[in-house]
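S.K.: What follows is a single structure, and I will ask about it in a moment.
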Amino acid sequence: MKIALFNIESFSSAKAIQSILERHKDEIKIVITTDPIRGSWRFFLTQTFKHLRRSGLSFTAYLFYNFILHRHLAKCSTWMAKRLGRKPHYQSIQNLCEDLGIHYLRVIDINNPEIKQKLNALAIDLIAIYYFDQILQEPLIRLPKHGVVNFHPAPLPFCRGLHPILYCALNNNCRFAVTAHEITDCRIDAGAILGQTPIVTTKKHDIFSLDEQINLLGCKLFTSIIENLEAAKSTKRLQEGGSYFSNPSREDIVSLYRQGYSMANLIRFIRRYFSFSAAPISHLSAGACTPLSTKTSITRSKKARKHGSKGKAHVVARSVAERRVGHQ
């Protein structure tokens, strides 16, 4: 099966994407990431002010660290680690794809017709979405013969929409999970459920740590669904009820702090990128993905608790393979 993987490059999903790419490098033919500022610093500033007014400084900082700062720190970390002969904890997706021989594109609009043409040229069978920020339109959804599967870090049908892990902590009694579901139309996180891995944590983490660990624990579900797709489709169930959330209010963030969680600490965040490993990061083992009753627990070591753990113009990066053969 030839897979296209869609992701918005972020700290929250960085280790999960690395694990998925290393495990499925033969099946994944292209990785497409989106530009969080849509190719415009004006767009970035406008969105920043909106977030500040609605959600406050700490949540705006969380978004900046996660989607803007992470990419630059990952590149810097990789550069330093190579010169030290060590393994960086975080690598840019472009570097990972270069190392693994996978096509890579960074785009502004995932529904640009050029994306569909590229996927057709690669004869993509399945689109897999893992931590993504754009809504696919019908022409793209209908393209792969095996459809589109989204991996959403929440126990669907609850906590559909934006920032699901934050809202699981805030409004879902700390019930966390990763859910695989079909995408057959433009509704958000509403397709039939293919599998779900519940995750239990008794610790009060910062949201970054929760993001990272829950997304990483979803890797086993990714493998299970990809390797048993037809079986998963035969036992799928429709969603009923549930909840949907958008960006949090200032009051939501205050409530999160009152429950013992934190949002973003700049020094702790930067420190994560500059402790290097002597060996590659291993694929994390999680509990069974189906049935829904299986649970995976999150624990943290003493050391981890201490350190805290628009046209052609829309395509702003060409595939690695095209660059290698000199295509323009």
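Quick note: the sequence shown uses the working numbering, first residue 1091, plus one each step.
Positions of the beta carbon are idealized from the N, C-alpha and C atoms, including for glycine.
1. Helix or strand or just coil, what does DSSP make of A1267?
2. Would a C-beta distance cut-off of 8 Å place T1123 and I1098 closer than the cut-off?
3. Tell me R1327's beta-bridge partners as DSSP assigns them.
4. Note down the Cα distance separating F1499 from E1272, rounded to an integer number of angstroms.
5. Please report the straight-line C-alpha distance between N1210 and R1144, rounded to a whole angstrom.
6. For my contact list, I1304 and P1243 are in at a C-beta cut-off of 8 Å; report their separation, rounded to the angstrom.
7. Taking the alpha carbon of Q1184 as the point to measure from, which residue in Q1224, W1131, F1366, L1095 has its own alpha carbon closest?
8. Which term fits G1175, buried or exposed, when burial requires 16 or more other beta carbons within 10 angstroms of its beta carbon?
9. Can you check DSSP and say which residues form a bridge with P1245?
10. Residue range of the beta strand (DSSP E) that L1216 falls in?
11. Under three-state DSSP, which class holds Y1152?
12. Can you check which of these residues, I1107, F1366, V1344, is closest to I1219 by C-alpha distance?
13. For chain C, is any of its Cβ atoms less than 8 Å away from the one on G1237?
14. Looking only at C-alpha atoms, which of Y1152, E1317, Q1224, A1321 sits nearest to L1256?
M.R.: In terms of the structure at hand:
1. Taking the sequence shown and counting its residues from 1, one reaches residue 1267 at position 177. DSSP places A1267 in strand when its eight states are reduced to three.
2. In the sequence shown, counting from the first residue as 1, residue 1123 sits at position 33. In the sequence shown, counting from the first residue as 1, residue 1098 sits at position 8. A contact, by the Cβ cut-off of 8 Å.
3. Taking the sequence shown and counting its residues from 1, one reaches residue 1327 at position 237. DSSP lists I1283 as partners of R1327.
4. No information on residue 1499 is available, as it lies outside the stretch 1091 to 1418 that the chain covers here.
5. For this step, residue 1210 is matched to residue 120 along the sequence shown. For this step, residue 1144 is matched to residue 54 along the sequence shown. Each residue's Cα considered, the two are about 41 Å apart.
6. Here residue 1304 is taken as the residue at index 214 of the sequence shown, counted from 1. Here residue 1243 is taken as the residue at index 153 of the sequence shown, counted from 1. With 8 Å as the limit, I1304 and P1243 qualify as a contact, their Cβ atoms being about 5 Å apart.
7. Here the question's residue 1184 lines up with position 94 in the sequence shown. Selected option, being the one with the closest Cα: L1095.
8. Residue mapping note: residue 1175 aligns to position 85 of the sequence shown, counting from 1. Counting Cβ neighbours within 10 Å, G1175 comes out exposed, since fewer than 16 surround it.
9. Counting from one through the sequence shown, the residue named residue 1245 turns up at place 155. Paired residues: none, contrary to the question.
10. As a working mapping, residue 1216 is identified with position 126 in the sequence shown. Element bounds for L1216: 1216 to 1220.
11. In the sequence shown, counting from the first residue as 1, residue 1152 sits at position 62. If DSSP states are grouped into helix, strand and coil, Y1152 belongs with the helices.
12. Along the sequence shown, read from residue 1 onward, the residue named residue 1219 stands at position 129. The shortest Cα separation from I1219 among I1107, F1366, V1344 belongs to I1107.
13. Judged by its chain identifiers, the structure shown contains no chain C, having just a single protein chain.
14. Taking the sequence shown and counting its residues from 1, one reaches residue 1256 at position 166. Residue Y1152 is the option with its Cα nearest to L1256.
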